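Visitor: One structure coming up, written as structure tokens, with questions to follow.
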Amino acid sequence: MSVVPPKPAARQGRVSLWRYARLFRQDILASQPAHLYRAWMAEFRTPFFRSYLCNDPALVRLVLQERPGDFPKSDRLREGLAPLLGQSVFVTNGAEWARQRRIIDPAFAGGRLQATLPAMWAAGQAAAGRLALRAGTTVEIESETAHAAADVIFRTLFSLPITDAAAAAVFELFRAHQRAQPLLNAGALLPLPRWAPRLHRRRTIATARAIRSLIAEMTAARAAEIARGRAPDDLATKIMTTPDPETGARFATAEMVDQVAIFFLAGHETSASALAWALYLLACDPDWQAAVAAEAQAVLGRDGDPPAMGQVARLTAARDVFREALRLYPPVPMMVRTAARAERFRGRAVAPGAQVVLSPWHLHRHARFWDRPDVFDPARWQTPAGRRSARDAYIPFSAGPRVCPGAGFAMAEGPLLLALLLRALEVRPADCPAPVPVAHLTVRARDGIRLRITRRGRAP
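The numbers in our numbering rise by one with no breaks, and the one at position 173 of the sequence shown is 183.
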């Protein structure tokens, strides 16, 4: 069957700058015109600056892979995220960013991924158990996937399950924060008055401060454990004890708070978004859901020990479904860079300081790259055409030097959690309107995603 899942209606016609700003604050995705799903590039002009949205693969490669130093992250993006993320690796540029990546990257290298599988396994089994208790009811699945993803990230970072009081407190605070703070606010693209971002921050500063306070307590406690030689061998310990190979310096406790904040955002919020949409897509497509469930039971069995990486690699149906969910609903829908020097894009002059926008949302649904771009079709990932499109128009984790260091982690976590949930449970769409995607910190459903849950093999 061909499932065409929901997407926001595109903006109709031209609008004034201030009308666009209002639409943008309401919904980043619906504020954009329909022609961006076919355009190679679009130029947005204001009296103050120009912005260029680039879908041309050559320009995407130029910005992300060939000359990333000439296209640093936008100061306006950093302004909006600073209350929570401080000077984390997600927002820094240049030498400071390079220093942070030299310390962080070894924690995600090679065999370290195998060491995280028991945490993913435990969190996935706990999530399946919680949902099994609600069998026969309608569940708002985004809150459940947020719980599961938060459980994974705290088990892997601090060896703490989400039932731990501090981890649970951060989880609840982050839910409140992400509802108030979009990943891109209008100030990231528009020259709003100085009072506008300050008003926006006042609505989010309290939750950001509370989250960072709790993370600081956990980080300080871990530093003390490291000093006593009693720290568990998890991601937090690895990162806090890894010296910069060039200087020998390690992250100070205060710096580590910034990094943990982005790990929570990147490792929890984005995974929760992708997993929720994947479950919704499978609820709408019983054939693919059955394929994922059968594969999970064959590869993982009913019980047993956490899988090895070889078993996770055999979850091909779950992986293709997760890839397709990331294509249709990329958790981070837009990336903003700044041109550091004069450029020429497709024959147009680009002045220094211009905004350069790369939009996974539009690139992943671009009519020039993808066959039936709005259709849920996990089978495309096993075809030559699908692989070709992925090379040119698929960047859910960014690309180049600034690719997400946890991309491999996410691509193990997502399929494994899907498999654990669906080997035990069936999901069906609830009798309510289809979810409407909007961009907050990530691409979420405006009013949540409601699914009917039953135990697998039992009548609803």
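C-beta: ideal position from N, C-alpha, C; glycine also. None of these values were measured; they are calculated from a predicted model.
#1: Thinking C-alpha only, which one of Arg466, Pro67, Phe59 is nearest Met51?
#2: Grouping DSSP H, G and I as helix and E and B as strand, with all else coil, what is Ile490?
#3: Which ranges would you report for the beta strand (DSSP E) in the stretch 11-83 if only whole runs of at least 3 residues count?
#4: Since Pro414 and Val13 should fall inside the 8 Å C-beta cutoff, what is the C-beta to C-beta distance between them, to a whole number of angstroms?
#5: Counting pairs of Cβ atoms below 8 Å between the stretch 361-379 and the stretch 108-128, do you hit three or more?
#6: Going residue by residue through the stretch 342-391, where are the continuous alpha helix (DSSP H) segments of at least 4 residues, counting only ones entirely within it?
#7: On the DSSP letters alone, give me the boundaries of the alpha helix (DSSP H) that Val446 sits inside.
#8: For Ala271, which residues in the same chain have their Cβ closer than 8 Å to its Cβ, ignoring the five residues on either side in sequence?
#9: With DSSP run on the structure shown, which of helix, strand or coil describes Val162?
#10: 8 Å is my cut-off, CB to CB: does Ala230 come that close to chain D?
#11: Could you give the distance in angstroms between the alpha-carbon of Ala288 and the alpha-carbon of Arg375?
#12: DSSP has Val149 in a bridge; who is on the other side?
#13: Taking the beta strand (DSSP E) that Glu89 falls in, what are its first and last residues?
#14: Hey, Arg438 and Leu461: beta-carbon distance below 8 Å or not?
#15: Assign Ala455 to one of three DSSP states: helix, strand, or coil.
#16: Identify the continuous alpha helix (DSSP H) that holds Pro128 and give its terminal residues.
#17: Give a yes or no on whether the C-beta atoms belonging to Ala218 and Leu167 are separated by under 8 Å.
#18: Is Glu353 buried or exposed, if buried means 16 or more other CB atoms sit within 10 Å of its CB?
#19: Secondary structure at Ser98, three-state DSSP: helix, strand or coil?
#20: Arg324 by DSSP, collapsed to three states: which one?
#21: Just list the residues that DSSP pairs Leu435 with in beta bridges.
Guide: The answer reads as follows:
#1: Stepping through the sequence shown from its first residue, residue 51 is reached at position 41. Of the candidates Arg466, Pro67, Phe59, Pro67 places its Cα closest to the Cα of Met51.
#2: Because the chain is modelled from 11 through 470, residue 490 falls outside the range shown and cannot be assessed.
#3: You should have 51-55, 60-64.
#4: Here residue 414 refers to the residue found at position 404 when the sequence shown is read from its first residue. Here residue 13 refers to the residue found at position 3 when the sequence shown is read from its first residue. It should be pointed out that residue 414 corresponds to Cys in this sequence rather than to Pro. Not quite, the Cβ-Cβ distance comes to about 28 Å (not below 8 Å), so this is no contact.
#5: Output reads no: the stretch 108-128 does not touch the stretch 361-379.
#6: As far as the stretch 342-391 is concerned, its whole alpha helix (DSSP H) runs of at least 4 residues are 370-373.
#7: Looking up residue 446 in the sequence shown gives position 436. Note, Val446: premise wrong, no alpha helix (DSSP H); not H, not E.
#8: Translated into positions along the sequence shown, residue 271 becomes position 261. Cβ neighbours of Ala271 beyond the five flanking positions: Leu94, Leu95, Gly96, Ser98, Ile221, Arg222, Ile225.
#9: Numbered from 1 along the sequence shown, position 152 holds the residue referred to as residue 162. Three-state DSSP puts Val162 in a helix.
#10: No chain D appears in this structure, which consists of one protein chain only.
#11: Position 278 of the sequence shown, counting from 1, holds the residue named residue 288. Position 365 of the sequence shown, counting from 1, holds the residue named residue 375. Rounded to whole angstroms, Ala288 to Arg375 spans 16 Å at the Cα level.
#12: Position 139 of the sequence shown, counted from the first residue, corresponds to residue 149. Paired residues: Leu461.
#13: For the purposes of this step, residue 89 is taken as residue 79 along the sequence shown, with counting starting at 1. Careful: Glu89 lies outside any beta strand (DSSP E), inside the alpha helix (DSSP H) at 85-95.
#14: For the purposes of this step, residue 438 is taken as residue 428 along the sequence shown, with counting starting at 1. For the purposes of this step, residue 461 is taken as residue 451 along the sequence shown, with counting starting at 1. It is a contact, given that the beta carbons lie within the stated cut-off.
#15: Looking up residue 455 in the sequence shown gives position 445. DSSP, reduced to helix, strand and coil, places Ala455 within a strand of the structure shown.
#16: Position 118 of the sequence shown holds residue 128. Pro128: member of the alpha helix (DSSP H) spanning 122-142, first to last residue.
#17: Taking the sequence shown and counting its residues from 1, one reaches residue 218 at position 208. Taking the sequence shown and counting its residues from 1, one reaches residue 167 at position 157. For Ala218 and Leu167, no; Cβs fall outside 8 Å.
#18: Stepping through the sequence shown from its first residue, residue 353 is reached at position 343. Counting Cβ neighbours within 10 Å, Glu353 comes out buried, since at least 16 surround it.
#19: Residue numbering aside, residue 98 sits at position 88 when the sequence shown is read from its first letter. In this structure, Ser98 counts as coil in the three-state DSSP scheme.
#20: Within the sequence shown, the letter at position 314 stands for residue 324. Of the three classes helix, strand and coil, the one that applies to Arg324 here is coil, per DSSP.
#21: Along the sequence shown, read from residue 1 onward, the residue named residue 435 stands at position 425. Bridge partners of Leu435: Arg465.
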